[in-house]
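Below is one structure, written out as structure tokens, with a few remarks after it.
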Amino acid sequence: MRFLMCPPDHYDVDYVINPWMEGNIHKSSQDRAAEQWQQLFHVLKEHAIVDLVTPQKGVPDMVFTANAGLVLGKTVVLSRFYHKERQGEEPFFKEWFLEKDFTVYELPKDLPFEGAGDALFDREGRWLWAGYGFRSELDSHPYLAEWLDTEVLSLRLMDERFYHLDTCFCPLQDGYLLYYPPAFDGYSNRLIEMRVPGAKRIAIGELDAVNFACNAVNVGSIVIVNKVSDELRQRLTQVGFQIVETPLTEFLKAGGAAKCLTLRVTEPVVSEVRAIAAVESRTIRLEGHLLDSGLINQALDVVVEAGGSFQVLNFNLGEQRQSTSAADVKVSAPSHEIMELIMVQLIDLGAVPPPQEICDVHLEVCVQTGVAPEDFYGTTIYPTEVRVQDQWVKVQAQRMDAAIVVAQTPQGLMAECKLLRDLQVDDRVVVGVEGIRTVRKVESREQRNTQEFSFMGSGVSSERRVELVVEQIAWELRQIRDQGGKVVVTAGPVVIHTGGGEHLAKLIREGYVQALLGGNAIAVHDIEQAIMGTSLGMDMKRGVSVQGGHRHHLKVINTIRRCGGIAQAVEQGVLTSGVLYECVRHNVPFSLAGSIRDDGPLPDTEMDLLEAQADYAHLIQGADLILMLSSMLHSIGVGNMTPAGVKMVCVDINPAVVTKLSDRGSIESVGVVTDVGLFLSLLTQQLGKLTNPYQSHL
Ligand code: ARG
Numbered sequence: 000m001r002f003l004m005c006p007p008d009h010y011d012v013d014y015v016i017n018p019w020m021e022g023n024i025h026k027s028s029q030d031r032a033a034e035q036w037q038q039l040f041h042v043l044k045e046h047a048i049v050d051l052v053t054p055q056k057g058v059p060d061m062v063f064t065a066n067a068g069l070v071l072g073k074t075v076v077l078s079r080f081y082h083k084e085r086q087g088e089e090p091f092f093k094e095w096f097l098e099k100d101f102t103v104y105e106l107p108k109d110l111p112f113e114g115a116g117d118a119l120f121d122r123e124g125r126w127l128w129a130g131y132g133f134r135s136e137l138d139s140h141p142y143l144a145e146w147l148d149t150e151v152l153s154l155r156l157m158d159e160r161f162y163h164l165d166t167c168f169c170p171l172q173d174g175y176l177l178y179y180p181p182a183f184d185g186y187s188n189r190l191i192e193m194r195v196p197g198a199k200r201i202a203i204g205e206l207d208a209v210n211f212a213c214n215a216v217n218v219g220s221i222v223i224v225n226k227v228s229d230e231l232r233q234r235l236t237q238v239g240f241q242i243v244e245t246p247l248t249e250f251l252k253a254g255g256a257a258k259c260l261t262l263r264v265t266e267p268v269v270s271e272v273r274a275i276a277a278v279e280s281r282t283i284r285l286e287g288h289l290l291d292s293g294l295i296n297q298a299l300d301v302v303v304e305a306g307g308s309f310q311v312l313n314f315n316l317g318e319q320r321q322s323t324s325a326a327d328v329k330v331s332a333p334s335h336e337i338m339e340l341i342m343v344q345l346i347d348l349g350a351v352p353p354p355q356e357i358c359d360v361h362l363e364v365c366v367q368t369g370v371a372p373e374d375f376y377g378t379t380i381y382p383t384e385v386r387v388q389d390q391w392v393k394v395q396a397q398r399m400d401a402a403i404v405v406a407q408t409p410q411g412l413m414a415e416c417k418l419l420r421d422l423q424v425d426d427r428v429v430v431g432v433e434g435i436r437t438v439r440k441v442e443s444r445e446q447r448n449t450q451e452f453s454f455m456g457s458g459v460s461s462e463r464r465v466e467l468v469v470e471q472i473a474w475e476l477r478q479i480r481d482q483g484g485k486v487v488v489t490a491g492p493v494v495i496h497t498g499g500g501e502h503l504a505k506l507i508r509e510g511y512v513q514a515l516l517g518g519n520a521i522a523v524h525d526i527e528q529a530i531m532g533t534s535l536g537m538d539m540k541r542g543v544s545v546q547g548g549h550r551h552h553l554k555v556i557n558t559i560r561r562c563g564g565i566a567q568a569v570e571q572g573v574l575t576s577g578v579l580y581e582c583v584r585h586n587v588p589f590s591l592a593g594s595i596r597d598d599g600p601l602p603d604t605e606m607d608l609l610e611a612q613a614d615y616a617h618l619i620q621g622a623d624l625i626l627m628l629s630s631m632l633h634s635i636g637v638g639n640m641t642p643a644g645v646k647m648v649c650v651d652i653n654p655a656v657v658t659k660l661s662d663r664g665s666i667e668s669v670g671v672v673t674d675v676g677l678f679l680s681l682l683t684q685q686l687g688k689l690t691n692p693y694q695s696h697l
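Mapping to numbering that gives the first Met the number 0: the sequence shown position 329 is 328, numbers consecutive.
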């Protein structure tokens with residue numbers, strides 16, 4: 000067995016390119032470093048042949064020969080250093096390999112890969128573990144697979160202290176693996192657990208990890224390291240390894256230890272392995288106000304956060320404020336599974352394949368009622384189109400969290416959103432991510448600013464700002480009413496508790512509301528107020544609780560049950576005012592969805608939730624605006640059923656609710672963080688002013 004080392008003649012910490020180097024510039028002792036290096040050199044020489052490469056001035060990290068390249072048999076893939084500080088080492092290592100008659104492969108420029116520091120062969124030679132995330136790019140892995148004719152398993156590094164794979168991962172003889180699991184993401188840990196049986200995995204703790212226990216040189220049963228805990232030493236000894244500690248503290252200051260200081264240059268080729276890299280790549284195109292709207296950042300974040308990597312192939316920057324940009328981005332993912340995860344999110348952002356790569360959707364037949372095929376595509380609120388028989392078909396009944404069913408009808412091809420529970424055997428369901436696109440409205444800088452203005456990112460909005468927003472909403476309600484449009488209100492009981500009931504009743508009376516959605520509670524409290532003057536036992540006029548008032552709501556429920564329902568109570572003259580009274584009087588349909596906490600319930604409350612959902616969905620159809628008044632549950636439910644393009648106004652005292660709905664990210668949404676009673680009172684006031692537009696001028 001042969002190793003390559005580089006004497007530390009010019010070693011020093013001259014710059015900071017990893018967290019270990021921070022605070023250590025020129026802090027390592029030249030003499031002690033030389034001594035520690037010599038000791039390692041001698042230990043290693045007892046077990047293997049050690050070759051030397053001539054150290055060079057100006058490249059102090061050249062001692063870390065693990066980063067020279069990745070060797071297999073007589074082939075080497077040279078490193079392309081990520082940091083310019085180390086790029087100067089490349090020609091010296093190249094020269095050494097050429098002199099020794101290696102076949103030398105070089106990666107494309109700008110594709111970083113840091114050699115054996117980030118790529119470690121399974122000790123049986125069955126595959127190559129390759130790290131990415133800090134120094135090496137995921138896109139380098141397919142090259143390794145091809146050039147070295149091996150299977151590459153990509154592992155994503157997550158902790159910047161363990162920036163190279165060999166700082167936290169060390170395959171050992173007989174299939175053992177020494178590693179620090181928290182340095183990897185969940186997917187990588189799963190991959191490791193799939194390939195290495197539990198009995199062979201030696202997971203270490205943070206204390207050993209920061210002593211670089213994984214940065215070990217394994218020769219036969221010998222394991223050479225800087226330092227290990229007694230506990231780890233015991234575990235390793237138990238399974239037959241012999242630990243040789245040799246202090247390398249001076250090199251730790253640069254973020255390296257035993258393994259980094261060596262490169263195994265005799266790596267036997269196992270014949271039956273074959274080139275496979277699970278890494279998948281595809282190109283997507285994004286168009287729009289990519290910079291102004293932050294779309295490009297969002298897209299690239301999606302890729303990286305999911306564990307993929309990207310390369311921007313083309314970026315056509317729109318020069319004028321109104322002109323749009325276009326970008327082609329190559330996306331790579333360590334597996335098919337992750338690629339789909341990324342693609343689904345990119346599709347939501349409006350990404351499409353480049354024209355030459357567009358193909359039909361994949362359809363799979365549903366074989367069990369109410370259950371979609373495993374890999375079904377889950378819908379969003381955005382208008383969606385699917386490619387079938389080379390044409391784009393618009394998906395009907397767009398809503399969130401549904402499956403898309405494609406059917407051939409006498410009228411031609413049809414695609415529609417169907418809830419899982421509505422799927423029928425033989426329905427053809429869209430699976431995977433091919434041939435799907437969502438159409439995002441182009442958001443300009445101005446539009447985005449209005450959205451942010453109304454959203455009051457800072458939490459609580461100032462009174463003046465609330466007034467401005469209310470003015471705008473009043474104007475819009477008036478427009479919609481005058482044009483015969485449709486406004487749907489979802490409301491929670493807080494509307495009544497905060498004194499908003501009379502104002503909401505007025506809106507209904509004056510024709511501003513075309514449907515009301517709520518639960519049992521708002522109806523009970525509204526009727527309690529109408530009949531008894533209290534809301535949950537509080538006198539709404541005086542703001543004090545009434546003796547025995549806590550029973551009022553039960554009495555009210557009982558009264559309505561006696562009448563047979565709310566409409567009957569109105570008919571019988573029992574209910575003569577309030578929100579629901581106005582609904583009945585003005586033929587405004589309402590739907591009350593039941594829940595586990597409902598008392599009663601009122602005969603009108605739909606306790607079958609599937610029925611209630613269907614009822615809501617029916618009432619939402621064709622809405623121009625949805626006014627959501629202090630009901631997180633009902634508002635979110637409604638949000639999921641509603642396609643993009645319907646304006647939403649969400650009013651809640653809790654900023655979290657408002658933000659949750661604003662996550663729809665549509666420019667049509669407005670959030671107002673304020674007391675709902677106050678909001679409604681301002682709104683009716685504003686509408687009153689609109690009624691007499693000339694009054695203010697008199
Ligand atoms: N200072 C060097 C760097 O940050 C240390 C390299 C350690 N080498 C390794 N294979 N982990 O690049």
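Backbone N, C-alpha and C fix where the C-beta goes; we use that ideal spot for every residue, glycine too. Predicted, not measured: the structure shown is a model, and the values here were computed from it.
Check residue i in the structure and name its three-state DSSP category.
i    : result
W699 : The displayed coordinates of the chain run from 0 to 697. Any statement about residue 699 would go beyond what the structure contains.
Y14  : coil
G458 : With a pLDDT of 39 at G458, under the threshold of 50, the predicted position of this residue should be treated as unreliable, and no value is reported.
Q450 : Low confidence applies here, because Q450 scores a pLDDT of 44, under 50, leaving its location unreliable; read the following figure in that light. Three-state result, Q450: helix.
K417 : strand
S665 : Low confidence applies to S665: its pLDDT is 49, below 50, so where it sits in the model is not reliable enough to give any reading.
L71  : strand
V698 : Examination of residue 698 is not possible in this model, given that the chain is present from 0 through 697 alone.
G687 : helix
F133 : coil
L677 : helix
W19  : helix
M342 : helix
S695 : The predicted position of S695 is uncertain, since its pLDDT is 44 and thus under 50; no value can be drawn from it.
W126 : coil
R596 : coil
R436 : strand
T533 : strand
S153 : strand
A32  : helix
T558 : helix
Checking 8 Å against the spacing of the C-beta atoms, do residue i and residue j come in under that value?
i    : j    : result
A326 : I295 : yes
Q685 : E470 : yes
R79  : F112 : yes
L51  : P6   : yes
V428 : A402 : yes
L618 : E605 : no
L723 : A622 : Residue 723 lies beyond the stretch modelled for the chain, which goes from 0 to 697, so this question has no answer here.
L262 : A33  : no
R234 : I242 : no
What does DSSP give as the partner residues of residue i in its beta bridges?
i    : result
H361 : V430
Y178 : F168, A202
S331 : S280, S308
I625 : V487, M647
By alpha-carbon positions, which one of the options ends up nearest to residue i?
i    : options                : result
E136 : F92, K108, E150, T149  : K108
T533 : G124, G563, P492       : P492
E105 : E89, F120, E98         : E89
G500 : G434, C582, I565       : C582
V364 : V385, V648, V430       : V430
I357 : I530, R436, I625, D400 : R436
V671 : T683, N653, Q35, S680  : N653
Any heavy atom of ligand 3 closer than 7 Å to the Cβ of residue i?
i   : result
F63 : In the structure on display, ligand 3 does not appear, and the ligands it does have are ligand 1.
For the alpha helix (DSSP H) holding residue i, just list the boundary residues, first then last.
i    : result
P90  : 89-98
V493 : 493-496
Output the boundary residues of the beta strand (DSSP E) element that contains residue i.
i    : result
N217 : 216-218
Q390 : 390-395
Y104 : 102-104
C649 : 646-651
A514 : 514-518
R386 : 383-387
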